[in-house]
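Residue numbering for the sequence shown follows the numbering used here, beginning at 1 and increasing consecutively.
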Amino acid sequence: MPAQVRERFFDKNSNIENLASSLLVRRVLAERATAEGLADDPKVAAELRLVRERVLSDALAQRATDAATPSDETLRQLARTEYNVSRDKLAEPEMVRVRHILIPKSHCEPLAEAQKILEELKGGADFEALAKAHSADPGSRDKGGDLGFFPRGRMVTEFDDVAFSLTEPGQLSDVFETKFGFHIVRFEARKPAHTPAFEEVEAKIREELLQRLRSQALKDMADPVRTTGVPDADAIEAFAQTMRTPGAVKE
């Protein structure tokens, strides 16, 4: 349970009382089941052993991951090293943001239709309104033709060439053709290529490092067991029987 959720839960006395009541009922019923010999039932005993093994193995795994977690200062140093090694991979390419209107080739005289819309735009018509009214691109039409920021290679070459050739916000392209139809593009903004500063990506790098360190700790703990351990046939069969029993697994 996340810390904030836990805090909100235990802020209410009614929640605490309900939890305490549920735990008490469970404990009393468990004691009654034990007194009546249910703990000696082979299937129940196998399930109890599986639960115990899971709790203990989870505790061991938690100890291993805790031990693999470096101090905050060490983690920062590791993150800095990772950043320096991976600067090229972290570099963000030049990106542009444009709006477009697409007139598909399936329309009657699509080129003439696109040219007419372009003339309206040059006369001061609202681009977003015309995009919503005429564009055939379902992904951007309802956003007034806005495609957001994108790098070269995201769109088809003909579209990239036009979009990246524009320079001034509000600048309109001529009508041009791609395999999708005829387009009109309006330039919005440009983000130059850059490498983010360490501070911008530190949190992400630290999280990735922690995940790798903890995963490696669990792997180092489990691999020798997988290599040399012998599965308990009785436990496997008991587990299989439990899974085969109708109603044994709650949906």
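C-beta atoms are modelled at their ideal positions from N, C-alpha and C, and glycine is treated no differently.
Between Gly124 and Leu118, the alpha-carbon positions lie close to 10 Å from each other. Per DSSP, Pro151 is one residue of the beta strand (DSSP E) stretching across Asp146 to Pro151. The alpha carbon of Thr167 has as its nearest neighbour, out of Pro192, Phe182 and Phe180, the alpha carbon of Pro192. Counting of Cβ neighbours within 10 angstroms places Gly181 among the buried residues, the total reaching 16 or more. Positions of the alpha helix (DSSP H) runs, each at least 4 residues long and wholly inside the stretch 6-88, are given as 13-35, 42-68 and 72-85 in order along the chain. Under the 8 Å Cβ criterion, the stretch 129-140 counts as touching the stretch 89-108, having at least three qualifying pairs. DSSP places Val201 within a helical segment (H, G or I) once states are collapsed to three. Cα atoms of Phe187 and Asp66: separation of roughly 51 Å, rounded to the nearest angstrom. Residue pairing by DSSP places Glu92 opposite His194 in a beta bridge. Under DSSP, Phe187 takes part in a beta bridge, and its partners are Val98. Non-local beta-carbon contacts of Asp137 in its own chain, meaning distances under 6 Å to residues more than five positions away in sequence, involve Leu102 in chain order. Put simply, of Thr178, Ala233 and Arg190 the residue whose alpha carbon is nearest the alpha carbon of Met95 is Arg190. Membership of Thr157 in the alpha helix (DSSP H) is indicated by the continuous run Thr157 to Ser165.
Per DSSP, Phe127 is one residue of the alpha helix (DSSP H) stretching across Phe127 to His134. For Glu177, the enclosing beta strand (DSSP E) begins and ends at Phe176 to Thr178. Non-local C-beta neighbours of Pro151 in its own chain, meaning closer than 6 Å and more than five positions away in sequence, comprise Pro93 and Met95, ordered along the chain. A Cβ-Cβ contact shorter than 8 Å links Leu90 with Val201.
Taking one beta carbon from each stretch, the stretch 209-228 and the stretch 67-75 have 3 or more pairs nearer than 8 Å; the two touch. For the pair Tyr83 and Arg212, the Cα-to-Cα distance works out to about 15 Å. Lys116 places its beta carbon 8 Å or farther from that of Leu172.
By DSSP's assignment, Leu172 forms a beta bridge with Arg186. A direct Cα-to-Cα measurement between Lys179 and Glu120 gives close to 24 Å.
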